[in-house]
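Notes follow the structure.
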Amino acid sequence: MNQTSTANMSSTEMWQSMDGHHLHPFTNPNDLLQKPPRIIESARGVYLTDSEGNELLDMMAGLWCVNMGYGQQDIIDAATAQINQLPYYNAFFKTSTPPAAELSALLAEISPAHMHHAFFTSSGSEANDTVLRLVWRYWDLLGKPEKRVVISRKNAYHGSTIAASSLGGMADMHAQGGIIPDIVHVDEPNWFARRCELGGDLDREEFGRQVAQSLADKIEELGVDKVAAFIAEPIQGAGGVIVPPDSYWPEVKKICRHYGILLVADEVICGFGRTGEWFGTNYYDLKPDLMPIAKGLSSGYLPIGGVIVADHIMEVLISQGGEFNHGYTYSGHPVCAAVAIANLKLMIRENILQTVRESTAPYLQSRLRELGEHPLVGEVRGVGMFGALELVKDKDNYIKFHKDTGAGIICREFCFENNLVMRAVGDSMIISPPLILQQADIDVFVERAWKCLDLTQKAIA
Ligand SMILES: *Cc1c(COP(=O)(O)O)cnc(C)c1O
-8 MNQTSTANMS STEMWQSMDG HHLHPFTNPN DLLQKPPRII ESARGVYLTD
42 SEGNELLDMM AGLWCVNMGY GQQDIIDAAT AQINQLPYYN AFFKTSTPPA
92 AELSALLAEI SPAHMHHAFF TSSGSEANDT VLRLVWRYWD LLGKPEKRVV
142 ISRKNAYHGS TIAASSLGGM ADMHAQGGII PDIVHVDEPN WFARRCELGG
192 DLDREEFGRQ VAQSLADKIE ELGVDKVAAF IAEPIQGAGG VIVPPDSYWP
242 EVKKICRHYG ILLVADEVIC GFGRTGEWFG TNYYDLKPDL MPIAKGLSSG
292 YLPIGGVIVA DHIMEVLISQ GGEFNHGYTY SGHPVCAAVA IANLKLMIRE
342 NILQTVREST APYLQSRLRE LGEHPLVGEV RGVGMFGALE LVKDKDNYIK
392 FHKDTGAGII CREFCFENNL VMRAVGDSMI ISPPLILQQA DIDVFVERAW
442 KCLDLTQKAI A
């Protein structure tokens, strides 16, 4: 604590003064000295309550994770019961726990038909570290240890550990930590960015095929005997909700098959209903070899992630023998696993995927496109419960704002002030709301978002 007295402080001021001791993730500490953080104290459904009593519509589901919304009693009860029964035991030395066992079986049921095993972690970053070790182990066991290179995409997000941030394609992260060897990046299928860059016409589907071809070119350049896998999010999330052209995934799938390299679909955001299917992989019919998962697996109530493993990889791990020298203290943590089970059972019982597909997502996507009529919005992207509004200087001529304008950040601040949580990725305004969002909430969102777009336009005019 600072040496200031807290006697005359409001509760907001008191928490903010304590928070002065908190080093925040992905934040400039100096910004918080200028303006302390907003304190979120409680939440119900799709609304957050801050320490001043404001109610904010959470169109980001926390950080893309609170898929079933806040305050679900079944999930709370499952955590309480399990922490009483057995708060911790591990799965290292030929032991398991009922929640770890049940969760792996439940995941086998909802995963694509060729995947029946799960490795557990505490996060998406750890899941992607695990991916790297599984990929290398697989090729090692097949007698091809020289197959080491994993190809990823620029502007991908795969987490913040050293391996996961290396797999990711975020230049700002690489600049602060370097990247580990044997990871290379190819272009992302971001049609709008390329269209703005090049000017002139750029056919969307032709562009999708070209970007896919750049993966094949990279494999040829490196030599297929050196390449182990390609990793990608079905739809890039933190990169700005980049929905690829329809031509992209079928080509990429063909290329991975043709060269016999593993396809890793990072389902940390796309999984668990975001696209209206269990996995983004189902939406695009990807048939991947490995699927890292996290976030929506537990609706964020407790930290848990994992990697879902295809049968043919399991067969190699089993038949070639030997220990997989990898694991976390909290792999399959019983309380986290119990929470994930309760969350998945709730999703099934409430038929949430069907509701999303048939009702919520079509309504959200159509209303999102209305926001596309705003003069500031150059492109609307979105699938399922996922969307982005791209703020531009001149929508008719595809001209973006100069990056120092900070249009996205300005808009995000107006949203916050107007009790709406949208995230800015550059000048893309992002939404990834809880799946339990109702039409009335969507109407609130559109009304507040339009107002904030107006405010932003005035502020930067
Ligand atoms: C968030 C995210 C991760 C990292 O997950 P953490 O739980 O934050 O470590 C990995 N991949 C994708 C696609 C993500 O969005």
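For the sequence shown, the positions run -8 to 452 when my numbering is used.
For every residue, glycine included, the Cβ atom is placed at its ideal position computed from N, Cα and C.
Exercise for review: Report yes if the C-beta distance between Tyr79 and Pro294 is below 8 Å; otherwise report no.
Suggested key: no
Check your understanding: Helix, strand or coil: which one does DSSP assign to Met5?
Key -> helix
Check your understanding: Per DSSP, what kind of secondary structure is Asn(-7) in: helix, strand or coil?
Key -> In this prediction, Asn(-7) scores a pLDDT of 48, lower than 50, which makes its location untrustworthy; the coordinate-derived value is nonetheless stated afterwards. Three-state result, Asn(-7): coil.
Point to revise | Complete beta strand (DSSP E) runs within the segment 104 to 137 (minimum length 3 residues, chain order) | key: 106 to 112
Practice item. Look at Asp178 and Arg144 and say whether their C-beta atoms are less than 8 Å apart. Key: yes
Check your understanding: From this set, Val259, Asp120, Pro180, which residue's C-alpha is nearest Ile153's C-alpha?
Key -> Asp120
Check your understanding: If you compare alpha carbons, which of Ile222, Gly267, Tyr61, Met106 is closest to His149?
Key -> Ile222
Review point. Are the beta-carbon atoms of Ser290 and Ile66 separated by less than 8 Å?
Key: yes
Practice item. For Lys286, verify whether its CB is less than 7 Å away from any heavy atom of ligand 1. Key: yes
Point to revise | Euclidean distance between Cα positions of Gly36 and Gly60 | key: 5 Å
Exercise for review: Return the CA-CA distance between Ser102 and Gly271, expressed in angstroms with no decimal places.
Suggested key: 11 Å
Check your understanding: Hey, Lys384 and Lys394 are a contact pair by Cβ (cut 8 Å); roughly how many whole angstroms apart?
Key -> No, Lys384 and Lys394 are not in contact; Cβ-Cβ is about 11 Å, not under 8 Å.
**Study point:** Beta carbon of Val232 nearer than 8 Å to that of Ala69
**Key:** no
Review point. Quick one: does the C-beta of Ser151 sit closer than 7 Å to a heavy atom of ligand 1?
Key: yes
Exercise for review: Give me the Cα-Cα distance between Met420 and Gly399, rounded to the nearest whole angstrom.
Suggested key: 6 Å
Exercise for review: State the start and end residues of the unbroken alpha helix (DSSP H) segment that holds Asp68.
Suggested key: 64 to 76
Check your understanding: Less than 7 Å between the CB of Tyr129 and some heavy atom of ligand 1, yes or no?
Key -> no
Review point. Any idea if Met50 is buried or exposed, counting beta-carbon neighbours within 10 angstroms, 16 or more meaning buried?
Key: buried
Point to revise | Reference Ile299; option with closest CA among Leu281, Val307, Asp445, Asn316 | key: Leu281
Point to revise | Helix, strand or coil at Val259 [DSSP, three-state] | key: coil
Review point. Are the beta-carbon atoms belonging to Ala147 and Gly230 less than 8 Å from one another?
Key: yes
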